[in-house]
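What follows is one structure encoded as structure tokens, with my remarks underneath.
Numbering (this note's numbering), first residue to last: 115 to 521.
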């Protein structure tokens with residue numbers, strides 16, 4: 115069951131669309147339904163989705179953080195088996211982690227509580243005979259037209275037997291908050307930690323191996339999550355992590371000095387000076403760049419003053435404390451990355467206290483290793499990650515069996 119969260123101080127509003135294989139729902143009909151429902155109850159309706167596409171299931175849910183903001187959470191899972199391990203994904207700056215519509219049937223239930231406890235129950239059944247999009251297995255090229263940033267990658271991990279969980283940070287994607295405004299990175303970490311910890315303790319999940327995965331700024335999130343509870347995770351996958359911002363991305367020193375002077379007065383203002391185009395620097399393939407630019411849930415404007423300050427603060431803190439990293443990890447970085455510094459990944463590998471650490475550098479590859487590179491190159495990175503996790507899962511299982519034999 116997929117439950118749309120309530121707004122703080124408001125009544126419940128529940129919409130549950132369930133989508134099955136390969137078909138495209140009628141966007142206009144759904145939009146009109148939501149618009150009418152909005153006027154019926156005079157409140158905002160949160161719409162969440164679930165689908166099954168061949169081997170992979172997807173669901174999403176809005177949760178409320180400690181500051182009353184609605185955050186979108188996502189889950190990809192194998193439908194024909196219990197996940198053999200869990201991946202907790204932390205996305206990068208200005209990117210989302212959700213997916214868009216898929217399905218053949220839509221069941222929409224609207225549960226409304228208005229004034230004198232009047233309940234209205236609406237059941238709508240839509241059958242669509244033809245799809246505009248093929249399944250992932252039939253046509254990978256078309257999926258890029260409707261899937262968002264993480265969806266394809268997460269689906270591939272789910273097909274390998276992993277459960278994948280994500281959360282869109284405050285101000286990112288469809289989550290609440292001012293667009294890509296980070297007032298306090300520590301609060302962002304608390305949101306992610308709270309959600310991932312709850313998921314890790316649900317049902318059979320405590321018995322499963324838990325891996326953190328983070329790309330770019332998400333790599334910084336992973337390292338800070340590790341700092342909160344070092345022994346909780348079985349390992350981490352760090353993809354071009356933001357341990358240090360590349361020199362090409364840093365504003366001139368006079369700009370940084372001016373920013374520090376005015377940041378308390380205008381924290382949410384966007385930088386008045388044009389900066390480098392992160393998308394053009396991060397993503398090698400032009401059509402993939404355009405996908406991100408056309409995605410309304412991804413931010414392509416200038417960074418906000420306080421957000422810039424927080425990113426600099428966090429990257430400096432991480433750079434100075436890399437030796438505190440103790441969990442097993444693999445760090446993967448493109449040799450031609452101009453967004454995050456590959457030298458910081460090398461430094462992490464050299465100084466981290468972990469006894470199990472791996473460094474992978476990829477010649478002629480840019481920042482976005484799993485999304486922005488040609489398929490044959492991103493497949494190399496994907497396979498390296500899967501192989502690394504499988505090795506740790508098998509090793510942990512052998513160690514657990516040996517421990518049981520001792521008793």
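Backbone N, C-alpha and C define an ideal beta-carbon position, used for all residues, glycine too. Computed from a predicted model, the values in this text were never measured in an experiment.
Assigned secondary structure, residue i (DSSP; H/G/I helix, E/B strand, else coil)
i	result
residue 440	coil
residue 207	coil
residue 452	coil
residue 485	coil
residue 334	helix
residue 359	strand
residue 201	strand
residue 401	helix
residue 213	Bear in mind that the predicted position of residue 213 carries a pLDDT of just 40, short of 50, making it too unreliable to give a figure here.
residue 509	helix
Segment limits, beta strand (DSSP E) that includes residue i
i	result
residue 351	349-353
residue 307	Careful: residue 307 lies outside any beta strand (DSSP E), inside the alpha helix (DSSP H) at 299-314.
residue 192	184-192
residue 327	323-329
residue 343	Taken as a continuous stretch (DSSP letters only), residue 343 belongs to no beta strand (DSSP E), as it is neither H nor E.
residue 294	No beta strand (DSSP E) holds residue 294; DSSP gives it neither H nor E.
residue 379	Counting along the chain, residue 379 falls outside any beta strand (DSSP E), and DSSP gives it neither H nor E.
residue 475	471-476
residue 281	276-281
Sequence-distant residues of its chain with Cβ nearer than 6 Å to residue i (five each side left out)
i	result
residue 290	183 and 184
residue 362	452
residue 359	429
residue 179	185 and 305
residue 205	211 and 332
residue 307	339 and 342
residue 502	444
residue 353	329, 446 and 483
residue 472	444
residue 283	302
residue 351	327, 444 and 499
residue 395	452 and 453
residue 279	189, 202 and 313
Buried or exposed (CB count within 10 angstroms, at least 16 for buried), residue i
i	result
residue 421	buried
residue 397	buried
residue 391	exposed
residue 465	exposed
residue 327	buried
residue 373	buried
residue 427	exposed
residue 297	buried
residue 405	buried
residue 454	buried
residue 345	exposed
residue 386	exposed
residue 508	exposed
residue 196	exposed
residue 193	exposed
residue 355	buried
residue 368	exposed
residue 489	exposed
residue 491	buried
residue 442	buried
residue 309	buried
residue 334	buried
residue 389	exposed
residue 349	buried
First and last residue of the uninterrupted alpha helix (DSSP H) at residue i
i	result
residue 176	It is not in any alpha helix (DSSP H) - residue 176 instead sits in the beta strand (DSSP E) that spans 170-178.
residue 414	Where residue 414 is concerned, there is no enclosing alpha helix (DSSP H), given that its DSSP letter is neither H nor E.
residue 394	392-396
Close beta carbons around residue i, own chain, < 8 Å, minus the five adjacent residues each side
i	result
residue 504	none
residue 494	476
residue 467	437, 438, 439 and 440
Close beta carbons around residue i, own chain, < 7 Å, minus the five adjacent residues each side
i	result
residue 458	357, 358 and 433
residue 319	200 and 313
residue 287	186, 210, 211, 212 and 411
residue 449	456, 475, 476, 477, 478 and 479
residue 418	294, 295, 382, 383 and 384
residue 321	none
residue 380	419
Closer than 8 Å: residue i CB and nearest the ligand NAP heavy atom
i	result
residue 510	With respect to the ligand NAP, the structure shown offers nothing to examine, as it has no ligands at all.
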